[in-house]
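Q:
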Amino acid sequence: MKILCLLKQVPDPNSVSFGSDSRLAANTARAVNEYDEYGLEASLQLKEAGGDVEITVLSIGSTMVKDAVSRGLAMGADKGVVIASEDGQRGSLQTARAIAGFVERDGFDLIWLGQESSDSGTGNVGPQLSVLLGLPFVSNVVGFELEEGDTALVTREIEDGHAQVRASLPLVLCALSGLDEPRYPSLKGIMAARRKPVEEVSIDDFDADAGDVTWSALREEERTVSGTIIDDEDPAEAARKLVEQLRERGLV
5 MKILCLLKQV PDPNSVSFGS DSRLAANTAR AVNEYDEYGL EASLQLKEAG
55 GDVEITVLSI GSTMVKDAVS RGLAMGADKG VVIASEDGQR GSLQTARAIA
105 GFVERDGFDL IWLGQESSDS GTGNVGPQLS VLLGLPFVSN VVGFELEEGD
155 TALVTREIED GHAQVRASLP LVLCALSGLD EPRYPSLKGI MAARRKPVEE
205 VSIDDFDADA GDVTWSALRE EERTVSGTII DDEDPAEAAR KLVEQLRERG
255 LV
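Going letter by letter, the sequence shown gives residues 5 to 256 in this note's numbering.
1. Could you have a look at Val146 and say whether DSSP puts it in helix, strand or coil?
2. Beta-carbon within less than 6 Å of Asp82's beta-carbon, same chain only, minus the 5 sequence neighbours each way: which residues are those?
3. Anyone know if the C-beta pair for Phe141 and Gly130 falls short of 8 Å?
4. If you count every other CB in all the chains shown that lies within 10 Å of the CB of Asp154, and 16 or more means buried, which is it?
5. Starting from the Cα of Met139, find the closest Cα among Ile115, Leu180, Gln119 and give me that residue.
6. With 16 other CB atoms within 10 Å as the buried threshold, where does Asp40 fall?
7. From this set, Ala78, Ala156, Gly55, Pro186, which residue's C-alpha is nearest Lys192's C-alpha?
8. For Thr228, is the classification buried or exposed, using 16 other Cβ atoms within 10 angstroms of its Cβ as the cut-off for buried?
9. If we count Cβ pairs, one from each stretch, closer than 8 Å, do we get three or more for the segment 95-110 versus the segment 206-213?
10. So what does Gly84 bridge to, in DSSP terms?
11. Do Lys6 and Asp164 count as a contact pair if the criterion is CB distance below 8 Å?
12. Does the contact criterion of 3 or more C-beta pairs under 8 Å hold for the segment 44-57 versus the segment 84-98?
13. Rounded to a whole number of angstroms, what is the C-alpha to C-alpha distance between Glu90 and Ile207?
14. Ignore the nearest five residues each way along the sequence and tell me which others in Glu45's own chain have a CB closer than 8 Å to its CB.
15. Kindly indicate the opening and closing residues of the beta strand (DSSP E) around Ile234.
16. Would you mind sorting Pro201 into buried or exposed? The rule is 16 or more other CB atoms within 10 Å of its CB.
17. Considering only their Cβ atoms, is the gap separating Cys178 from Ser124 smaller than 8 Å?
18. Give me the DSSP bridge partner(s) of Thr155.
19. Can you give me the C-alpha to C-alpha distance between Pro190 and Lys12, rounded to a whole angstrom?
20. Below 8 Å between beta carbons: does that hold for Thr32 and Pro17?
21. Are the CB atoms of Leu117 and Gly65 within a distance shorter than 8 Å?
22. DSSP three-state label for Val14, please.
23. If contacts are defined as beta-carbon pairs under 8 Å, then Val61 and Val69 qualify, I think. What distance do you get, rounded to the angstrom?
24. Using DSSP's beta-bridge definition, name the partner residues of Arg160.
25. Mind checking who Val36 pairs with in its DSSP beta bridge?
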């Protein structure tokens with residue numbers, strides 16, 4: 005079984021900083037999107053259960069995303085893929101198109117990614133990818149079990165509890181934190197990751213049209229404040245005026 009785990013590199017939520025242009029500072033620390041790691045952990049547990057499983061981790065972006073791939077390899081994935089894209093304004097559809105092109109080239113039985121990312125929070129890539137590939141799609145995954153044949157029993161988190169569905173492989177799955185907690189890379193895993201193969205390709209190798217998505221600079225919403233200042237030397241008179249105004253507005 006071949007499993008693809010998508011790992012998005014996002015700004016570290018514990019050390020976000022912005023430059024004078026209202027964009028993320030170049031030295032902002034990066035981390036792997038939390039939900040993506042839950043999908044990788046589920047894949048690693050499936051492999052450790054004794055199945056013939058090969059896990060590939062993939063990330064899209066500049067050269068910095070190699071760190072995300074390296075972490076996935078250190079956790080236990082077998083090989084990594086970096087799709088190079090220096091365009092920081094890449095939309096989710098362009099991302100999904102690039103991943104779909106890679107999946108069509110290599111073929112996978114399971115594709116795991118997070119329900120959403122901590123930076124944009126859109127959760128678009130999973131549904132878009134399933135449509136582009138024509139594969140079944142299950143969101144809000146908090147439980148996964150591989151059954152006999154090419155069928156998976158998937159537990160979803162819904163508004164008033166959980167629901168279970170059966171779906172045929174190949175399958176696109178979006179992970180939530182209800183799955184088992186992702187492991188930390190061990191020293192042995194970090195050392196082993198250096199010997200694992202990492203393929204680097206360009207986003208231009210795939211039919212991944214950017215479309216008309218544009219991004220503006222981050223900005224803080226303007227706030228307007230109005231009020232009345234009672235400036236009276238006599239505290240008793242100031243209090244009387246305050247009570248009168250509160251009564252006029254029906255506040256007391």
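Beta carbons are placed, not taken as given, at the ideal position from N, Cα and C, and that holds for glycine.
A: Per the coordinate set shown:
1. strand
2. Glu58, Ile59
3. yes
4. exposed
5. Per the sequence shown, residue 139 should be read as Leu rather than Met. Measuring from the Cα of Leu139, the nearest candidate turns out to be Ile115.
6. buried
7. Ala78
8. exposed
9. yes
10. Val61, Val202
11. no
12. no
13. 9 Å
14. Met79, Leu183, Asp184, Glu185, Pro186, Arg187
15. Ile234 -> no beta strand (DSSP E), and no H or E assigned at all.
16. exposed
17. no
18. Ser172
19. The sequence as given places Ser at residue 190; Pro does not occur at that position. So the alpha carbons of these two residues sit roughly 21 Å apart.
20. no
21. no
22. strand
23. Going by Cβ atoms, the distance from Val61 to Val69 rounds to 10 Å, so no, they are not a contact pair.
24. Val145, Ala167
25. Gln13
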